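Notes follow once the structure below has been shown.
Protein chains in written order, with our numbering: chain A, 17 to 128; chain B, 2 to 114.
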């Protein structure tokens, strides 16, 4: 079974800082890895999806990387803003499987 | 499209009562997933359907849980009888074949007292 871990569980940074969120997974036979954002009381919004053949994906101030050999993915947020405050979840999809294995998330607070 | 629609958004019920959660997937999506989110265990897959047929229900915790998908536009997750430890947020997600990105509903927050 795929185990997905996110450390730290919570992170507070001042506005304007660049930051990195970490995601580790145990099964390197992943098909893709997806980063989501979850606001309190809301559903999940997909941010970036990296296929197993890719090394990174970028969208605006967000950059996600994937290293299958080490079982790691990172989400880099540049010039953080208070509006970035949310819980960030990573999820791995295994080759041949249809469901996602989620990490427990990192709760990010950007302090104005 | 309005996205994946779940109802109700919040449900508070007494232990022992039957609870039914509802989901309307995005039109044209033939995969539908039910997930449960708790503080302790995060997001876990309960069951998923493909073309209205249950494919993997290994995540369903007990016989008290059941899910149906009578047609392509509607699915239910039922808990009978409900217990306090069932309190969680239940998410429904859907996606079309050939696309790996799933779209999630807003979730139903269930509290069993």
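We treat Cβ as the ideally placed atom computed from N, Cα and C, and that holds for glycine. Being a predicted model, the structure only gives us computed values, none of them experimental.
Looking at the unbroken beta strand (DSSP E) that takes in residue i, where does it start and where does it end?
| i | result |
| --- | --- |
| residue 28 of chain B | Residue 28 of chain B -> no beta strand (DSSP E), and no H or E assigned at all. |
| residue 112 of chain B | 109-113 |
| residue 138 of chain B | No answer is possible for residue 138 of chain B: it lies beyond the span of chain B, which begins at 2 and ends at 114. |
| residue 102 of chain B | Run containing residue 102 of chain B: none; DSSP gives neither H nor E here. |
| residue 73 of chain A | 72-75 |
| residue 126 of chain A | 122-127 |
| residue 68 of chain A | Neither: residue 68 of chain A is in no beta strand (DSSP E) and is coded neither H nor E. |
| residue 107 of chain A | 102-110 |
Using 10 angstroms around the beta-carbon of residue i, count the other beta-carbons present and answer buried if the total reaches 16, otherwise exposed.
| i | result |
| --- | --- |
| residue 30 of chain B | buried |
| residue 68 of chain B | buried |
| residue 111 of chain A | exposed |
| residue 127 of chain A | exposed |
| residue 58 of chain A | exposed |
| residue 20 of chain B | buried |
| residue 115 of chain B | The displayed coordinates of chain B run from 2 to 114. Any statement about residue 115 of chain B would go beyond what the structure contains. |
| residue 13 of chain B | exposed |
| residue 87 of chain B | buried |
| residue 5 of chain B | buried |
| residue 28 of chain B | exposed |
Skipping 5 residues on each side, what residues in its chain have a beta carbon closer than 6 Å to that of residue i?
| i | result |
| --- | --- |
| residue 34 of chain B | 49 and 94 |
| residue 96 of chain B | 30, 32 and 103 |
| residue 81 of chain A | 72 and 90 |
Is it the case that the Cβ atoms of residue i and residue j are separated by a distance below 8 Å?
| i | j | result |
| --- | --- | --- |
| residue 99 of chain A | residue 44 of chain A | no |
| residue 36 of chain A | residue 92 of chain A | yes |
| residue 7 of chain B | residue 77 of chain B | no |
| residue 53 of chain B | residue 72 of chain B | yes |
| residue 55 of chain A | residue 113 of chain A | no |
Within the same chain, show all residues whose beta-carbon is closer than 7 Å to that of residue i, passing over the 5 residues directly before and after it, in chain order.
| i | result |
| --- | --- |
| residue 42 of chain A | 18, 19 and 87 |
| residue 33 of chain A | 96 |
| residue 60 of chain B | 45, 46, 47 and 48 |
| residue 57 of chain B | 48 and 49 |
| residue 62 of chain A | 50 and 52 |
| residue 28 of chain A | 125 and 127 |
Residue i to residue j, Cα distance in whole Å?
| i | j | result |
| --- | --- | --- |
| residue 16 of chain B | residue 94 of chain A | 46 Å |
| residue 75 of chain B | residue 38 of chain A | 36 Å |
| residue 102 of chain B | residue 26 of chain B | 14 Å |
| residue 124 of chain A | residue 23 of chain A | 11 Å |
| residue 90 of chain A | residue 66 of chain A | 11 Å |
| residue 47 of chain A | residue 109 of chain A | 5 Å |
| residue 80 of chain B | residue 106 of chain B | 19 Å |
| residue 89 of chain B | residue 41 of chain B | 10 Å |
| residue 23 of chain B | residue 75 of chain A | 33 Å |
Can you determine whether any heavy atom of the ligand GDP sits closer than 7 Å to the C-beta of residue i, and answer yes or no?
| i | result |
| --- | --- |
| residue 93 of chain A | By its list of ligands, the structure shown contains no ligand whatsoever, and the ligand GDP lies outside what it can speak to. |
Would a check of beta-carbon distances place residue i closer than 8 Å to chain D?
| i | result |
| --- | --- |
| residue 73 of chain A | This model lacks chain D altogether; the protein chains it does include are A and B. |
Can you find the residues in the same chain that come closer than 8 Å, C-beta to C-beta, to residue i, ignoring five residues on each side of it along the sequence?
| i | result |
| --- | --- |
| residue 85 of chain A | 44 |
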